[in-house]
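Here the protein sequences line up with chains A and B, keeping their order. The opening residue of the first sequence carries number 113 in this note's numbering; numbering runs sequentially from there. The opening residue of the second sequence carries number 89 in this note's numbering; numbering runs sequentially from there. Glycine included, C-beta positions come from ideal geometry on N, C-alpha and C. Please read these numbers as outputs of a predicted model, since none were measured by experiment.
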Amino acid sequence: MKIKVDSKKCSGCHLCEMVCSLFHLNIINIEKSAIRIKKDDLNTSLNTPLLCRQCKEMKCLEGEKGTKDKAKKRFVWNRIHAERCPFDALSILEEKAYHCDLCGGDPQCIKVCTPKAISIAQ
Amino acid sequence: MVLDRKVAFINLTDRSAEIKSIPLDLRKKFLGGRGINMYYLSQSYSSKLDPLSPENPLIFGAGLLTGTLGFGSRMSITAKSPESGHLGDANVGGDFGAELVKAGFGHLVITGKSSGPVYLFIKNGKIEIQDAQKLKALDTVETQKKIRQELGDEKVQVMSIGLAGENGVRFASIRTGLKNSAARTGLGAVMGSKNLKAVAVRGTLDITISDPRKYQKYYLKQMKSLMETKWVQALGRYGTPLLFQYANAMGFLSVRNNQWTTVGDHGYALEAEALEPFSTGMLSCFGCPAHCRHRFSMDEGRYQGTSGEGPEYASIGSLGTKLGNLDLQNIIYATELCNRYGLDTISTGSYIAWVMELYQRGIIDQEMTEIPLNWGNGETILELLHRIAQRKGFGNILAEGPLAKKAFGENSKDYLLNIKNFPIEMTDERLPKSFALGMATSTRGACHMRSRPSLDVLGLPEDVLKKIYKGPVSSRFSAYSGKGRMVWWHELLNAVCDSLGFCRFLTVFSSPHAPQYRQFSKWIALSMGLFLTPSGLRTIGERIYTLERMMLVRDGISRKDDTLPKRYFDESIPEGPAQGEVISRDKFNEMLDEYYRLHGWDEEGIPKKKNLKRLGLDE
């Protein structure tokens, strides 16, 4: 399971980011969300949702000890691993990074995306 | 925590900033946004306060729920208006309000005047004053880009003025993003008078939530039911231009400075569908599920290569039909020009309509206007926009807004359709009597957003209306009966809505099923553990509206000013679906009597002492 993105449909509302931080951390802070909207708000007005693509071959954890399955289920990551992502998909704030754990199988962000820019792909 | 947000008192003369907590008692009385802004403004408001003096406070205020899962994340900017000379207030969407909150602030009260151009940079509780010499004369979009570049952070949100604000054009706006504007009442000129080019904010602070699980569940429930309403579905598809169609079809549109009220079938050229070829998608303000904002691109024609956001219905009317202009591409371009210069599209259109009618009637001629001012000439409109923003020649006279009547003579006065020295907008209110009363009583002068009971358009059964308004209201759009109650009810609700940071369109505006006090009460309780009853919230609405009225009373405003332009009383609509409609002075007065009674104001429209005491406004 992963979250599929259709950038063209994204309205840039930030609701996905808000519910992500709320669900995982009981706070609202869009900087601490596994999904983030990259906005080109002063030029094309295009918005691009970015989040973990759940790669089979995880470049971010290459050479690391421990099971990758465990890491996949974690929301808070360290910035070193996040910086290895070739897609720049994880949000980083100070020394922490935020990784999409798919909310344990019931992604919350999808429920608030009214233009349907994000959806579940099996 | 929402309730931990601070207020900063910034003085640009001595470059000082004092950061204080917002007392819980003040929150309970005025919530945030417009409400708390009005409280701060009322501390220094007087008839003698010069709007362009350093003493006039320019107040930024995020709504109580701005930056959280609410129905919008808007903010208000408030000061004494250099346009009307009375209360100034403008509400704006976009991402700035939420960023201000993330930076730890609810309100900024800016006074003084800097010796040279500056901008404020606010980040996570800290305030810096930065030099803005390099930003001088830049348009509002370039200013935002340059500040982001200078600060090295693409996530910085900026509210800025353009050339119009710098030049003290009395109807200059304050802008963020490509289109969002705190446009009404000329607050861009107040900002310019302080030598303040922009306010930049950036924040990464947490907002703790009182009951996260129930709050998220409640939000989802509210969002789901909102998205099921026909109104929000249509809004998300077409944006506000869909309202143009109603106004034109029913005959309450301003055409050639309200000499007519419909353009009939010619209106197809400006309807929502006509915008589709230029629309490249829909956008949302921060935290809004409805996405009603168009982004546009013009890939061919005279204005090829222009892209941006908008236009909204208000701009289509104001720069379009009001000026006899039916060229959609010209309207889109003119709107974009206003946004870049930082001009309020509504007031700009109104003043141009005024001088076009003066020109039509021979009250002014080309010796003064420099160019012929013929109705519907798009290129003339663009030329005037440049001259106004640059204060060049005739534009310098127009830049003075209502004060330009000094140059045009006594005969010009009645053709500037205005209320409390603030011009009528893109509509004509002779048909919808509730709209007319709402314009007459609005605390920021002729403005539809203080009350506009759009539900009136729907013609809901009277038993349904009685349930909503708790009293008899006629379901006929053109009737007077009960409309005083309707206006009063919406004024209070909208005051609360603006203080929460919610968007008009997502509360009771065009859908009777949208949230109001009961839902607001729960929202506040679940997010911050503050318990305010639905009726208590309505009292807050009364307090805010009455405080605004009290500031106007200090200016000498009373019943005599709660009126409509002469044209509305004396000239019936000449043709179209609303043909023959005119406002009866007697019936208008009856509506006003009912309205004052419900507000607890005396027959002159002055709030009664016992009511002020009840609302805690008697100190």
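Would residue i be called buried (16 or more neighbouring beta carbons within 10 Å of its own) or exposed?
{"i": "P219(A)", "result": "buried"}
{"i": "I249(B)", "result": "buried"}
{"i": "A271(B)", "result": "buried"}
{"i": "A422(B)", "result": "buried"}
{"i": "H382(B)", "result": "buried"}
{"i": "Y245(B)", "result": "The sequence given here places Gln at residue 245(B); Tyr does not occur at that position. Burial call: buried."}
{"i": "I232(A)", "result": "exposed"}
{"i": "F619(B)", "result": "exposed"}
{"i": "R518(B)", "result": "buried"}
{"i": "G617(B)", "result": "exposed"}
{"i": "P365(B)", "result": "exposed"}
{"i": "N418(B)", "result": "buried"}
{"i": "M315(B)", "result": "exposed"}
{"i": "T179(A)", "result": "exposed"}
If we ignore side chains and look at the alpha-carbon of each, how far apart do residue i and residue j end up?
{"i": "V641(B)", "j": "I217(B)", "result": "36 Å"}
{"i": "D432(B)", "j": "C426(B)", "result": "7 Å"}
{"i": "I198(B)", "j": "K184(A)", "result": "48 Å"}
{"i": "E630(B)", "j": "L205(A)", "result": "43 Å"}
{"i": "A337(B)", "j": "G216(A)", "result": "52 Å"}
{"i": "M514(B)", "j": "H211(A)", "result": "49 Å"}
{"i": "W442(B)", "j": "D241(B)", "result": "44 Å"}
{"i": "S562(B)", "j": "E550(B)", "result": "6 Å"}
{"i": "K171(A)", "j": "R191(A)", "result": "14 Å"}
{"i": "G274(B)", "j": "S141(B)", "result": "14 Å"}
{"i": "Y334(B)", "j": "T349(B)", "result": "12 Å"}
{"i": "D152(A)", "j": "L208(B)", "result": "23 Å"}
{"i": "M311(B)", "j": "V224(A)", "result": "8 Å"}
{"i": "M574(B)", "j": "T156(A)", "result": "42 Å"}
{"i": "L284(B)", "j": "E659(B)", "result": "44 Å"}
{"i": "D181(A)", "j": "L214(A)", "result": "13 Å"}
{"i": "V189(B)", "j": "S342(B)", "result": "38 Å"}
{"i": "N499(B)", "j": "R325(B)", "result": "45 Å"}
{"i": "Q347(B)", "j": "P653(B)", "result": "12 Å"}
{"i": "Q232(B)", "j": "T264(B)", "result": "8 Å"}
{"i": "G200(B)", "j": "F676(B)", "result": "43 Å"}
Under a three-way DSSP split, which group does residue i fall into?
{"i": "V131(A)", "result": "helix"}
{"i": "F159(B)", "result": "coil"}
{"i": "Y207(B)", "result": "strand"}
{"i": "F676(B)", "result": "helix"}
{"i": "T273(B)", "result": "helix"}
{"i": "H354(B)", "result": "helix"}
{"i": "N582(B)", "result": "helix"}
{"i": "K114(A)", "result": "strand"}
{"i": "E106(B)", "result": "strand"}
{"i": "F523(B)", "result": "helix"}
{"i": "K622(B)", "result": "According to the sequence as given, residue 622(B) is Pro; it is not Lys. P622(B) falls in the helix class under three-state DSSP."}
{"i": "E445(B)", "result": "helix"}
{"i": "E171(B)", "result": "coil"}
{"i": "V601(B)", "result": "It should be noted that the sequence gives His, not Val, for residue 601(B). Of the three classes helix, strand and coil, the one that applies to H601(B) here is coil, per DSSP."}
{"i": "L411(B)", "result": "helix"}
{"i": "P695(B)", "result": "strand"}
{"i": "A477(B)", "result": "helix"}
For the alpha helix (DSSP H) containing residue i, name the first residue and the last one.
{"i": "I404(B)", "result": "401-407"}
{"i": "K494(B)", "result": "493-496"}
{"i": "A742(B)", "result": "Past the boundaries of the shown model lies residue 742(B); chain B is included only from 89 to 707, so the question cannot be answered."}
{"i": "K285(B)", "result": "Per DSSP, K285(B) belongs to no alpha helix (DSSP H); it is in the beta strand (DSSP E), 284-290."}
{"i": "D177(B)", "result": "No alpha helix (DSSP H) holds D177(B); the beta strand (DSSP E) holding it covers 175-180."}
{"i": "A252(B)", "result": "251-254"}
{"i": "F332(B)", "result": "329-338"}
{"i": "G324(B)", "result": "318-326"}
{"i": "T715(B)", "result": "With chain B covering only 89 through 707, there is no way to say anything about residue 715(B)."}
{"i": "T423(B)", "result": "416-429"}
{"i": "K312(B)", "result": "300-315"}
Just reading off the beta strand (DSSP E) that residue i is part of, what are its end residues?
{"i": "V561(B)", "result": "Taken as a continuous stretch (DSSP letters only), V561(B) belongs to no beta strand (DSSP E), as it is neither H nor E."}
{"i": "D219(B)", "result": "214-219"}
{"i": "F193(B)", "result": "193-199"}
{"i": "L146(B)", "result": "146-150"}
{"i": "M370(B)", "result": "367-371"}
{"i": "T457(B)", "result": "Where T457(B) is concerned, there is no enclosing beta strand (DSSP E), although the alpha helix (DSSP H) it sits in stretches over 454-457."}
{"i": "N99(B)", "result": "94-99"}
Using a threshold of 7 Å, is the CB atom of residue i nearer than that to any non-hydrogen atom of the ligand GTP?
{"i": "F135(A)", "result": "Because no ligand of any kind appears in the structure shown, any question about the ligand GTP cannot be addressed here."}
Which runs of the alpha helix (DSSP H) fall wholly inside the stretch 156-232 of chain A and span at least 4 residues, in chain order? For the stretch 156-232 of chain A, the continuous alpha helix (DSSP H) assignments of 4+ residues that do not extend past its boundaries occur at 180-184, 191-195, 221-224, in sequence order.
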